[in-house]
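Letter by letter, the sequence shown follows residues -21 to -1, 1 to 294 of mature numbering (1 follows the signal peptide of the UniProt record, and there is no 0). We treat Cβ as the ideally placed atom computed from N, Cα and C, and that holds for glycine. Heads up: the structure comes next, in C-alpha cells.
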Amino acid sequence: MRHPLKAALCILAGAATIGFATGCSTTDEPGSGPHSVPTHMVTASESAPLPASGSTETGHYRTIELPTGRSFMAHVPDNYDPTKPAPVVMVFHGYNSDPSTIFQDTELYEANAITLFPAGKAQAWAPAPYAQTSLDEDLAFVDAALAWANQNYNTDGRVFAAGFSNGGGFVRALACNRSLDGAATVSAANYEGVDEDCQGDPTAYLAVHGTADVVINYRGGEAHGGHYKGAEDSNAKVAEHNHCDPFPAEDKQDDVTRFTWGSCAMPTVNYKIKGGTHTWNGGVTDRSGLVPHDWATNSILDFFKVEYPGRVPSR
C-alpha cells in the first residue's frame, strides 16, 4: 500500500480542521524490530489535523454533520463507479483521539470501499467507563452514518468495522448488536459490557494485540475505574460465540503468532505481537519495525476480502 497523505494534506493543514491532533497510538523507538521503517514514519509520529474536506492519492473525503450533532469523515475512492456496488468499511478511533488521526495513521481509506471514520462524543465510545454516551446512543449514530452511505452511494450490503483501543472495544459491542460482515480490532479495550448478553450472529473476527502494551495490557487489567479483559480471554469468548473448536492452531513467524480457530461458523483469527505496544501495528506512528509498514491495515482488508491498491483478494 502506498503512503498518500504526504504533501497534499500538509499543504492544507492551515485550513479549517476537524478534531484534535492527539495520537491514537504510542510510538516505539525506530529500529527495534526486523523490519525497516519508512522514512516518513520516523518523522511523522504525530499527525496534523485534517481540513474538513480534501483529496488523497486514491480518492477524496469530506466531513458529514448529522442533524443530531454527531459527525464522521467519509472517503470515496476515485475508482468508485455508481453502477458497481461497493462495500462500506467503518473505522473507530481510540479514547482521546479523533477521525482525523486514525484516518492518517491506518490509511484504511485506501480500501476500494466507502470508508467512514465516525467521531466519538467527547472522543470516546460506549460502553467504556469514560464514555459520555450510552451504547444505544452510539449504535444509533452508527445506524445513521450507514443510512447516509446507503442513501448517497451504491453500496453492496457488505458492512465491515475496524477499531483501535476504545474503538476496538466498541467494535466488539457493535458486532454483538448489529449484523456485520467482518470485524477487526487492534489493541482493543474490551471493558466489561462490550459483549454482555451478546445476541449478534457469529461474525468474521480478527484481533491484534501486542504483549508489551502498557495502556491496555495483553493480559487484562484495571483502568478508569473499570476492568478490561485480556486479549486471550476476549478472543476465547469471540471463538465461543462463533461456535469454534476451543483450541486454535498456532503459526509463529518472527515476532508475530497467528492463532486460527477451526470449525467456526465464521472465520476467527488472533495475532499476538511479541513486544508490540499500544499502536496500530505497521501504521504511520508505529516505529517499532516489528511488522512491515501497513501490516495491520493490509491484514484487516485481506481478512475482509476488500480490494486495495496492489492487492485484489479473492472472494
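Gly241 to Phe226 span [Cα, whole Å]: 8 Å
Which residues DSSP lists as bridging Asp230, in chain order: Arg237
CA nearest to the CA of Cys177, picked from Asn169, Ala162, Ser166, Asn156: Asn156
Residue(s) in a DSSP beta bridge with Glu211: Glu211 pairs with nothing; no bridge assigned.
For Val138 and Leu118, believed in contact at Cβ under 8 Å, the rounded distance: About 13 Å; that fails the 8 Å criterion.
Min CB distance Gly241 to chain C below 9 Å: In the structure shown, chain C does not exist; there is a single protein chain.
8 Å contact criterion, which Thr37 and Thr276 should meet: CB distance rounded: Not really, about 13 Å apart at Cβ, beyond 8 Å.
One or two residues paired with Val55 in a DSSP bridge: His39
Same chain, Cβ closer than 7 Å to residue 295, neighbours up to 5 away in sequence not counted: The question about residue 295 has no answer, for the chain in this structure spans -21 to 294.
Stretch-stretch touch, CB-based, cutoff 8 Å, three pairs: the region 106 to 125 with the region 183 to 198: no
Nonlocal neighbours in the same chain, by C-beta distance under 7 Å from Val235, ignoring five residues either side: Tyr250, Ile252, Val270
Beta-carbon separation (whole angstroms), Thr62 vs His72, contact threshold 8 Å: Not a contact, Cβ separation roughly 33 Å.
Beta-carbon gap between Ser144 and Gln102 smaller than 9 Å: no
C-alpha distance - His14 paired with Leu153, whole-angstrom precision: 34 Å
3 or more residues per run - each beta strand (DSSP E) lying fully within the region 79 to 108: 93 to 97
Coil, strand or helix - Asp281 by DSSP: helix
CB of Val68 within 9 Å of CB of Ala140, strictly: yes
Cβ-Cβ distance between Asn91 and Asn131 below 9 Å: no
Ile93 vs His39 beta-carbon contact at 9 Å: no
CA nearest to the CA of Ser113, picked from Asn133, Pro288, Val173, Gly161: Val173
Best match in Pro246, Phe96, Thr42, Phe82 for proximity to Thr264 [C-alpha to C-alpha]: Phe82
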